[in-house]
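For reference, the structure is listed below as structure tokens.
Numbering (the UniProt record's numbering), first residue to last: 1 to 366.
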């Protein structure tokens, strides 16, 4: 195998050092953060310590967290000056790596881009990382790094997060649901657009009309308690890591402890791995679609497919009528709650709710 390196004075190198089972400039865990300049291999999923770190970071940030391992031979540079669309954390493991950071040309960038040397100016920071050193820089920070000549190879882990996780992304995700709800109740939103509007070049009159619609949406948004998330919440929970554990993970697939009854007290488990969201009933036609509560969790996710973006990835969770929202908020918002005190009309509904959650290993009797 050949190192994929950014060459200045050297030819590409191939080697097997210190018993490594792989050698390349960059080993990427997933397809989301991989770059053409580095060879990508899905080898990180078997590293328990990285699983433990990334799972905790995904809980902390509420965003997917990927990791890459870069191994660079002495006197070489893996990538040209560039900036990323992710928040970057660097942990130096072996050898030394010389880093140069530059002022962003695109602060908080939304995409990856290579920058020319004559455009980036002088470094704002320049230093060498040694084993155990840690570095963070935000999205858009232009950077480049090389392994000094005359030393052993360099190995570092890059941990990345917050890709497509901005306010703009959140607006794109939620606005479609807000427009859908408003159009159900506001005749103006259901009115047909003017004849031949799509053929027109001048947009002044259209922009004025759309501004009025946006003001209506803004007024409605201020009184909205639940926003319809189109994709972001589900994408996060479906593609994130399962809870870190040392055993076989049976506690995430088989409910344990007492069966919840009406006289039980229950508490939520794995809150950081569970999302509660409102969405449209997926089995109904557009004309009759009603809102439902969806609960998705990552307890049964497979670490081997973390962030792979497979279309066949299965979501795990439950669906409830909107009338169950207050009861679910009780469970989500309190350390423990009595089943008989749940805000549902009948005892049967209370027992059915907690039994469903218990079956998915989301609650336990205390």
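Even for Gly, the Cβ is constructed at its ideal location relative to N, Cα and C. Note that this is a predicted model, so its numbers are computed, not measured.
Reduced DSSP secondary structure (H/G/I, E/B, other) of residue i
i           : result
residue 56  : helix
residue 42  : For residue 42, the pLDDT reaches just 39, beneath the cut-off of 50, and the residue's location in the model is therefore unreliable, leaving the point undetermined.
residue 339 : helix
residue 195 : coil
residue 301 : coil
residue 316 : strand
residue 354 : helix
residue 209 : helix
residue 366 : coil
residue 171 : helix
residue 229 : coil
residue 179 : helix
residue 20  : Confidence at residue 20 is low in this model, with a pLDDT of 33, below 50, so the placement of that residue should be treated as unreliable; the coordinate-derived value is given next. Here residue 20 sits in coil by DSSP.
residue 113 : strand
residue 202 : coil
residue 253 : coil
residue 151 : coil
residue 119 : helix
residue 214 : helix
residue 347 : helix
residue 48  : helix
residue 263 : coil
residue 32  : For residue 32, the pLDDT reaches just 36, beneath the cut-off of 50, and the residue's location in the model is therefore unreliable, although a value from the coordinates is still provided. Reduced to three states, the DSSP call for residue 32 is coil.
residue 221 : helix
residue 248 : coil
Terminal residues of the beta strand (DSSP E) in which residue i lies
i           : result
residue 144 : 142-146
residue 87  : 87-94
residue 68  : 65-72
CB-CB length for residue i against residue j, believed under 8 Å
i           : j           : result
residue 189 : residue 213 : 7 Å
residue 169 : residue 232 : 7 Å
residue 389 : residue 242 : With the chain represented from 1 up to 366, any question about residue 389 goes unanswered, as that position is not in the structure.
residue 96  : residue 129 : 7 Å
residue 139 : residue 109 : 5 Å
residue 238 : residue 160 : 19 Å between Cβ atoms; not a contact.
residue 86  : residue 157 : About 14 Å separates the two Cβ atoms, so there is no contact after all.
residue 366 : residue 266 : 7 Å
residue 324 : residue 344 : 7 Å
residue 176 : residue 72  : At roughly 44 Å, the Cβ-Cβ gap does not stay under 8 Å, so residue 176 and residue 72 are not in contact.
residue 361 : residue 251 : 7 Å
Per DSSP, cross-strand counterpart(s) of residue i
i           : result
residue 100 : 126 and 144
residue 131 : DSSP output for residue 131 lists no bridge partner at all.
residue 277 : 294
residue 137 : 88
residue 268 : 363
residue 321 : 292
Residue interval of the alpha helix (DSSP H) (run including residue i)
i           : result
residue 154 : Premise fails: residue 154 lies in the beta strand (DSSP E), 154-161, not in any alpha helix (DSSP H).
residue 239 : 232-239
residue 329 : 325-333
residue 79  : First-last for residue 79: undefined, no H or E at that position.
residue 190 : 187-190
So, do the segment 53-62 and the segment 97-108 have three or more beta carbon pairs nearer to each other than 8 Å?
no
Any contact of the segment 190-207 with the segment 241-260, i.e. 3+ C-beta pairs under 8 Å?
no
Check whether the segment 195-205 touches the segment 147-155, taking contact to mean three or more Cβ pairs, one atom from each stretch, closer than 8 Å.
no
Validate contact between the segment 275-282 and the segment 291-298 using beta carbons, cut 8 Å, 3 pairs
yes
Taking one C-beta from the segment 338-353 and one from the segment 262-271 each time, how about it: are there three or more such pairs within less than 8 Å?
yes
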